[in-house]
Amino acid sequence: MRIPVIAGNWKMFKRAADALDLVKKLTPMVVGVDDVQVIVAPSFTVLPSVHGALSGTRISLSGQDCFWGEEGAFTGEVSPGMLIDAGCSHVIIGHSERRQHFGETDETVNKKIKAALQAGLIPIACIGETLQERESGDTLAVLERQLSFGLAGIPEEDAGCLIIAYEPVWAIGTGRTATDEQAQEVHAFVRGLLARIYHPGFADRLRILYGGSVKPDNIKGLMSCTDIDGALVGGASLSAESFASIVKFGK
Ligand code: PEP
1 MRIPVIAGNW
11 KMFKRAADAL
21 DLVKKLTPMV
31 VGVDDVQVIV
41 APSFTVLPSV
51 HGALSGTRIS
61 LSGQDCFWGE
71 EGAFTGEVSP
81 GMLIDAGCSH
91 VIIGHSERRQ
101 HFGETDETVN
111 KKIKAALQAG
121 LIPIACIGET
131 LQERESGDTL
141 AVLERQLSFG
151 LAGIPEEDAG
161 CLIIAYEPVW
171 AIGTGRTATD
181 EQAQEVHAFV
191 RGLLARIYHP
201 GFADRLRILY
211 GGSVKPDNIK
221 GLMSCTDIDG
231 ALVGGASLSA
241 ESFASIVKFG
251 K
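Taking my numbering, the leading residue of the sequence shown gets 1, the next gets one more, and so forth.
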């Protein structure tokens, strides 16, 4: 059985006071939800204080990115070990905004996933096609490339904890969500790819999240799809009310 995951990606929002305010509002709202794994991914600077505010709750903390080295002359980078120090158990890797604006490639995604796993972090590895790729019929080929390069050289015994997030780039922050059918079709394809890369039993256990304008009013439909195991939520995770309502999709 795959336990659903709802992860909030706060992106470059919420300075210290607002981050703590959000956590303080959110935590009582999701008390008692013990059949969903809840994760929040604030910016690097507020990780330790958010970690403190999450103490005693079931909410996990994630970084939004990491570097692939543990230490060295890499100005501006944050290593997996540093994220662990800050209280993280998870890290988002390969988000499309990093691919679009910061030169992230399948190769760097692969290095980061390996480094995160080695340090003991659970990667939330993002894949997804652009609008142009979808319109030219390349969606599945793009996902196959991103997934096979992203997971290259990662053995099954290390990959078992991975979380995959399928996020069509055209649906991120646009208010345009993939239909339940479009999302399910891709999720089933991704699970099939994972079965080919590893094996079917392994693929059946891995959680695959959907991301792209997930809101309280579309989460139920998405979660009713066989191969959708949760959501990576951007905009709607910035309000305690909307994020809590997404977390409580089954209630
Ligand atoms: C995201 O940041 O991963 C995301 C899916 O954003 P949004 O929910 O705002 O589309």
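Each residue gets a CB set at the ideal place from its N, CA and C atoms; glycine is no exception.
In the DSSP assignment, find the alpha helix (DSSP H) that holds residue i and state where it starts and stops.
i: His-101; result: 96 to 101
i: Ala-195; result: 180 to 197
i: Val-46; result: Unbroken run through Val-46: none, as it is neither H nor E.
i: Gly-201; result: 200 to 205
i: Gly-221; result: 219 to 223
i: Leu-26; result: 16 to 29
i: Ser-245; result: 240 to 247
Whose C-beta lies closer than 7 angstroms to the C-beta of residue i among residues of the same chain, with five residues either side of it excluded?
i: Ala-171; result: Thr-177, Ala-178, Gly-212, Ser-213
i: Thr-130; result: Val-169, Trp-170
i: Ser-245; result: Pro-216
i: Ser-96; result: Cys-126, Gly-128, Glu-167, Val-169, Ile-172
i: Val-33; result: Val-247, Lys-248
i: Met-29; result: Ala-240, Ala-244
How is the beta strand (DSSP E) around residue i delimited, first residue to last?
i: His-90; result: 90 to 93
If you check the beta carbons only, do residue i and residue j fall under 9 angstroms apart?
i: Ile-113; j: Gly-150; result: yes
i: Ala-116; j: Pro-80; result: yes
i: Ala-125; j: Gly-94; result: yes
i: Ile-59; j: Leu-83; result: no
i: Met-223; j: Pro-4; result: yes
i: Leu-147; j: Val-186; result: no
i: Thr-139; j: Gln-184; result: no
i: Gly-160; j: Phe-202; result: yes
i: Ala-236; j: Ala-7; result: no
i: Leu-22; j: Lys-11; result: no
i: Val-36; j: Gly-175; result: no
Please name the residue or residues paired with residue i in a DSSP beta bridge.
i: Tyr-210; result: Tyr-166, Ala-231
i: Leu-61; result: Val-40
i: Gly-8; result: Val-40, Val-233
Whose C-beta lies closer than 6 angstroms to the C-beta of residue i among residues of the same chain, with five residues either side of it excluded?
i: Arg-2; result: Arg-207, Asp-229
i: Trp-68; result: Lys-111, Lys-112, Ala-115
i: Ala-19; result: Pro-42, Val-46, Val-50
Output needed for residue i: all residues of its chain with C-beta closer than 8 angstroms, excluding positions within five of it in sequence on either side, in chain order.
i: Arg-98; result: Asp-65, Glu-104
i: Ala-86; result: Phe-44, Leu-47, Pro-48, His-51, Leu-61, Gly-63
i: Phe-74; result: Phe-67
Q. Which ranges does the beta strand (DSSP E) cover as unbroken runs of at least 3 residues, wholly within the region 74 to 160, from first to last along the chain?
A. 90 to 93, 122 to 127
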